[in-house]
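Protein chains: 2
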Amino acid sequence: MEKTSFDQLLMDVFREMGAHRPEQILPGWSLTLSEIYALGALAERAPLSQAELGSVLLLEKSSVSRLVAQLEQRGWVTRERDARDSRLRLLRLSEQGAAINAQLQRHMSERHAELFEQLTAREQAALLEGLTALRRALRQSQSRPAHTPAEPSAD
Amino acid sequence: MEKTSFDQLLMDVFREMGAHRPEQILPGWSLTLSEIYALGALAERAPLSQAELGSVLLLEKSSVSRLVAQLEQRGWVTRERDARDSRLRLLRLSEQGAAINAQLQRHMSERHAELFEQLTAREQAALLEGLTALRRALRQSQSRPAHTPAEPSAD
DNA sequence: CCACATAGTTCGATGATACAACTATATGGT
DNA sequence: ACCATATAGTTGTATCATCGAACTATGTGG
């Protein structure tokens with residue numbers, strides 16, 4: 757039993773999941789991780805401004821701008837101007853976008869299922885518990901990345 | 757309590773660790789994930805040909821070629837020709853490379869430590885167990901990525 | 001010795017990202 | 001009202017990791 761480091765483990769998992777190959781995340785779908793992630797975020801937390809989406813995705817606003825432009829072009833996301841503050845772009849999934857997202861989730865679930873079948877129930881539980889905890893820890897120690905996503909001022 | 761999907765979890769973790777921002781993995785070190793990973797692989801499994809390294813990293817041979825060229829340029833990796841088959845480049849860490857790798861590992865361990873402090877012992881154990889199992893499962897179902905890395909012929 | 005296989009390199013393209021400079025809109029003080 | 005400043009988003013430019021294809025060099029088997 758190799759005492760593999762946690763980083764090593766995580767890196768292995770990243771790679772095997774094809775994280776360094778944008779096109780490969782979901783074979784056949786020309787979707788990047790960011791796009792998938794964005795759809796998921798919008799599906800859950802209803803209307804988000806681009807800045808808000810950026811702080812979820814940890815992406816620079818310019819990257820978000822282009823990202824959502826693409827999603828809009830595909831007809832998956834709508835960008836409505838906020839009535840109260842027309843600088844804001846309120847992002848929502850279109851119906852088609854919601855459908856795509858559902859399909860994506862399903863697709864990924866299937867992939868999970870395959871993977872999970874190979875884990876014992878105990879391992880599955882451990883994986884979820886561990887990742888959830890890790891994410892929590894990461895969020896807290898969120899050691900101010902370069903483009904430190906500004907806290908959406910709750911103002 | 758959101759029933760966060762596993763993919764979602766994993767993606768969150770990716771992003772918070774800065775996996776989409778090459779430079780950001782280890783602030784101050786201009787190292788990509790692949791480079792870090794390559795150093796680690798060489799540290800463990802002694803001399804590897806580029807093809808072998810490629811199948812570890814899941815990278816195309818051309819990508820490996822450039823990657824190791826960079827590492828060599830920095831003086832971290834040596835590329836010796838195999839005496840028996842001079843087509844092969846036997847990759848090894850230089851002393852400096854080994855030192856760098858050790859430093860990297862230490863650096864990352866520290867980061868772990870910070871993160872782990874925020875997890876309960878139980879969560880830590882769960883994380884390691886879960887990731888280990890997941891990696892195993894990924895390796896097994898490693899079914900057919902596009903550029904399917906050829907099995908390094910055990911010759 | 002020639003045909004073919006294998007290891008690696010180089011070239012060109014793609015795509016995700018950042019940063020900086022810009023536009024448009026909002027807000028607050030005088 | 002008006003200007004200064006702040007904020008949201010866009011556009012332009014650069015970087016860089018990656019792939020695929022075409023190439024070179026080396027090994028191998030008739």
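Protein chains in written order, with our numbering: chain A, 757 to 911; chain B, 757 to 911. Even glycine gets a Cβ: it sits at the ideal position worked out from N, Cα and C.
So the alpha helix (DSSP H) residue i belongs to, where does it begin and stop?
i, result
"residue 782/A", "Taken as a continuous stretch (DSSP letters only), residue 782/A belongs to no alpha helix (DSSP H), as it is neither H nor E."
"residue 835/B", "That residue, residue 835/B, is in no alpha helix (DSSP H); its beta strand (DSSP E) goes 833-837."
"residue 889/A", "877-897"
"residue 767/A", "762-772"
"residue 789/A", "789-800"
Just reading off the beta strand (DSSP E) that residue i is part of, what are its end residues?
i, result
"residue 809/B", "Where residue 809/B is concerned, there is no enclosing beta strand (DSSP E), although the alpha helix (DSSP H) it sits in stretches over 806-813."
Between the options, which lies nearest to residue i when the distance is taken from Cα to Cα?
i, options, result
"residue 764/B", "761/A, 824/A, 813/A, 818/A", "813/A"
"residue 841/B", "780/B, 805/B, 894/B", "805/B"
"residue 794/A", "785/A, 849/A, 771/A", "849/A"
"residue 852/A", "890/A, 830/A, 789/A", "830/A"
"residue 867/A", "863/B, 893/B, 870/B", "893/B"
"residue 748/B", "872/A, 889/A, 891/A", "Lying outside 757 to 911, the shown extent of chain B, residue 748/B is not represented and no answer is given."
"residue 796/B", "767/A, 874/A, 835/A, 862/A", "767/A"
"residue 896/A", "879/B, 874/B, 897/B", "874/B"
"residue 854/A", "810/A, 816/A, 788/A, 792/A", "792/A"
"residue 863/A", "787/A, 832/A, 769/A, 836/A", "787/A"
"residue 784/B", "870/B, 879/B, 859/B", "859/B"
"residue 802/B", "782/B, 834/B, 769/B", "834/B"
Hey, how far is the Cα of residue i from the Cα of residue j?
i, j, result
"residue 887/A", "residue 807/A", "26 Å"
"residue 843/A", "residue 824/A", "15 Å"
"residue 882/B", "residue 799/B", "27 Å"
"residue 884/A", "residue 762/B", "7 Å"
"residue 820/A", "residue 779/B", "19 Å"
"residue 857/B", "residue 836/A", "49 Å"
"residue 929/B", "residue 828/A", "Summary: the structure shown does not reach residue 929/B, with chain B confined to residues 757 through 911, and so no result is reported for it."
"residue 811/B", "residue 877/B", "34 Å"
"residue 769/A", "residue 891/B", "6 Å"
"residue 815/B", "residue 870/A", "24 Å"
"residue 789/B", "residue 817/B", "17 Å"
"residue 781/B", "residue 782/A", "24 Å"
"residue 822/B", "residue 879/B", "39 Å"
"residue 771/B", "residue 865/B", "19 Å"
"residue 838/B", "residue 832/B", "19 Å"
"residue 847/A", "residue 809/A", "9 Å"
"residue 861/B", "residue 861/A", "35 Å"
"residue 826/A", "residue 826/B", "34 Å"
"residue 773/A", "residue 773/B", "16 Å"
Check the Cβ-Cβ distances between residue i and every residue of chain A, and say whether any is below 8 Å.
i, result
"residue 796/B", "yes"
"residue 772/B", "yes"
"residue 882/B", "yes"
"residue 837/B", "no"
"residue 889/B", "yes"
"residue 854/B", "no"
"residue 775/B", "yes"
"residue 787/B", "no"
Kindly say whether residue i, judged by its beta-carbon, lies nearer than 8 Å to any beta-carbon of chain B.
i, result
"residue 825/A", "no"
"residue 820/A", "no"
"residue 866/A", "no"
"residue 879/A", "yes"
"residue 859/A", "no"
"residue 871/A", "yes"
"residue 764/A", "yes"
"residue 790/A", "yes"
"residue 886/A", "yes"
"residue 894/A", "yes"
"residue 829/A", "no"
"residue 768/A", "yes"
"residue 847/A", "no"
"residue 805/A", "no"
"residue 875/A", "yes"
"residue 761/A", "yes"
Entirely enclosed alpha helix (DSSP H) segments - the region 814-872 of chain A, minimum 4 residues: Runs found: 817-829.
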